[in-house]
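Chemist:
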Amino acid sequence: MARQKSAASSPAPDQGGKPAKVKKTRWYHQIWQAYQMTRRADPAVTWWMLAVFVGVLAVALVIGLLVNMVIYLLVVGLPFAFLGALFLLARRAEAAAYSQIEGQPGASISALRTIRRGWDFPEEPTAVDPRTQDLVFRGIGRPGIVLVGEGPAHRIPKLLEAERRKVSRVLPNVPVILIQSGREEGQVPLRKLPRTVQKLKPSLTKQEVSEVTKRLKALGGARLPVPKGVDPYKARPDRKGMRGR
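Each residue of the sequence shown is one higher than the one before, counting from 189 in the numbering used here.
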């Protein structure tokens, strides 16, 4: 009887077709996923992480021998060794992520949108060359207006300059900074692009930035949406729109 009562009191499986609760991703699962992704692009990451881990423990051991507190400093050094390996993994994972999207259309805007505060970068480009597929993206922040061009170094300056003139006609007193994203000489590598933008010196107030943003919306963009995520080629087409709905 006790077994029957226990079975009756247990919750019955959901028969109403309701979706099951999604389990939360634990922090160690995220670390493992980052490690697997990084290892595919950078097979040496395992050895580098081990080198950092062992190196930190070796330093703790040497200090422990000098002060005659070997066991204590080894125990204290363990979490620091773990954090050191994680820090290295984070840097290598970032480099691996950029290497996967580098050279793809819209790669620069994917990198720029990792800037969390102080800048507004719309996803759609403001200028596009339909023949060469060169792109220009526009951002606004306290340093002014930033135009980031994607394309060969001998070709993209023309598109950037045309966009700069268009912006300057509407906002003649606002600084316009031109940046080329790419791997050629004089261009900014993709992984350094966010830091390059963040290092620009402010010249506008927050209120001025708001006013400039409103004026820029009138210019619009090239109406060429860039897919979200790290891989612009994985966007799904709008099937309803294709059917005319």
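Every residue gets a Cβ at the ideal spot worked out from N, C-alpha and C, and that includes glycine.
Predicted model, so just to flag it, every value in this text is computed and none were measured.
So, with DSSP's three-state summary, where would you put Leu335?
Modeler: In the sequence shown, the residue the question calls residue 335 occupies position 147. Residue state, collapsed to three classes: strand.
Chemist: In three-state terms, what does DSSP make of Phe309?
Modeler: Walking along the sequence shown from the start, residue 309 turns up at place 121. Coil at Phe309, not helix or strand.
Chemist: Please classify Glu338 as buried or exposed, where buried requires at least 16 other C-beta atoms within 10 Å of its C-beta.
Modeler: To locate residue 338, count along the sequence shown from 1; it is residue 150. Burial call: buried.
Chemist: Are the segment 270-278 and the segment 246-258 in contact at 8 Å, needing three or more beta carbon pairs?
Modeler: Judged by Cβ distances under 8 Å, the segment 270-278 makes no contact with the segment 246-258, as fewer than three pairs qualify.
Chemist: Quick check: does the Cβ of Lys346 come within less than 8 Å of any heavy atom belonging to the ligand NAP?
Modeler: You won't find the ligand NAP in this model; it holds no ligand whatsoever.
Chemist: Taking the Cβ atom as the reference point for each residue, do Ile333 and Arg326 lie within a distance shorter than 9 Å?
Modeler: As a working mapping, residue 333 is identified with position 145 in the sequence shown. As a working mapping, residue 326 is identified with position 138 in the sequence shown. In this structure, Arg326 lies closer than 9 Å to Ile333 by Cβ.
Chemist: Assuming Leu392 and Arg330 make a contact with CB atoms under 8 Å, what is their CB distance in whole Å?
Modeler: Translated into positions along the sequence shown, residue 392 becomes position 204. Translated into positions along the sequence shown, residue 330 becomes position 142. Confirmed, Cβ separation roughly 5 Å.
Chemist: Under DSSP, the beta strand (DSSP E) around Leu366 begins and ends at which residues?
Modeler: Here residue 366 is taken as the residue at index 178 of the sequence shown, counted from 1. Leu366 -> beta strand (DSSP E) spans 364-369.
Chemist: Could you check whether the segment 278-291 touches the segment 246-256, counting it as contact only if at least three pairs of C-beta atoms, one from each stretch, sit closer than 8 Å?
Modeler: Cβ pair count under 8 Å is below three, so no.
Chemist: Taking buried to mean at least 16 other C-beta atoms within 10 Å of its own C-beta, is Gly272 buried or exposed?
Modeler: In the sequence shown, residue 272 corresponds to position 84, counting from 1. Gly272 comes out buried.
Chemist: For the segment 253-335, list the alpha helix (DSSP H) runs that are entirely contained and at least 4 residues long, ordered along the chain.
Modeler: Segments of the alpha helix (DSSP H) lying fully in the segment 253-335: 258-289, 295-300.
Chemist: Just the Cα atoms here: how many angstroms apart are Glu396 and Tyr216?
Modeler: Within the sequence shown, residue 396 is the residue found at index 208, counting from 1. Within the sequence shown, residue 216 is the residue found at index 28, counting from 1. Looking at the two C-alpha atoms, the distance is approximately 44 Å.
Chemist: Mark Gln321 as exposed unless 16 or more other C-beta atoms lie within 10 angstroms of its C-beta, in which case mark it buried.
Modeler: For the purposes of this step, residue 321 is taken as residue 133 along the sequence shown, with counting starting at 1. So Gln321 ends up on the exposed side.
Chemist: Could you spell out the range, first to last residue, of the alpha helix (DSSP H) harbouring Asp218?
Modeler: Taking the first residue of the sequence shown as position 1, residue 218 is located at position 30. The sequence as given places Gln at residue 218; Asp does not occur at that position. Segment 215-229, the alpha helix (DSSP H) holding Gln218.
Chemist: Could you give the first and the last residue of the continuous alpha helix (DSSP H) run that contains Phe349?
Modeler: The count along the sequence shown starts at 1 and reaches residue 349 at position 161. The displayed chain sequence assigns Glu, not Phe, to residue 349. First-last of the alpha helix (DSSP H) with Glu349: 344-358.
Chemist: Using 9 Å as the threshold, is the C-beta distance between Leu348 and Gln368 below it?
Modeler: By 1-based counting over the sequence shown, the position of residue 348 is 160. By 1-based counting over the sequence shown, the position of residue 368 is 180. Against a cut-off of 9 Å, the Cβ pair of Gln368 and Leu348 comes out as a contact.
Chemist: Is the beta carbon of Leu381 sitting closer than 9 Å to the one on Val336?
Modeler: In the sequence shown, residue 381 corresponds to position 193, counting from 1. In the sequence shown, residue 336 corresponds to position 148, counting from 1. Yes. Within cutoff.
Chemist: Looking at the secondary structure, which residues open and close the alpha helix (DSSP H) in which Leu392 lies?
Modeler: As a working note, residue 392 is residue 204 in the sequence shown. No alpha helix (DSSP H) contains Leu392, which DSSP labels as neither H nor E.
Chemist: Only counting the same chain, and skipping five residues up and downstream in sequence, which positions put a Cβ closer than 7 Å to that of Gln386?
Modeler: The count along the sequence shown starts at 1 and reaches residue 386 at position 198. Cβ neighbours of Gln386 beyond the five flanking positions: Ile303.
Chemist: Assign Ser287 to buried or exposed, taking buried as 16 or more other Cβ atoms, counted over all protein chains shown, within 10 Å of its Cβ.
Modeler: Numbered from its first residue, the sequence shown carries residue 287 at position 99. Classification of Ser287: exposed, given that the 10 Å Cβ count is below 16.
Chemist: Between Met225 and the rest of its own chain, which residues show a CB-CB distance below 7 Å, the 5 nearest in sequence each way excluded?
Modeler: Within the sequence shown, residue 225 is the residue found at index 37, counting from 1. Only Ala281, Ala284 meet the Cβ criterion.
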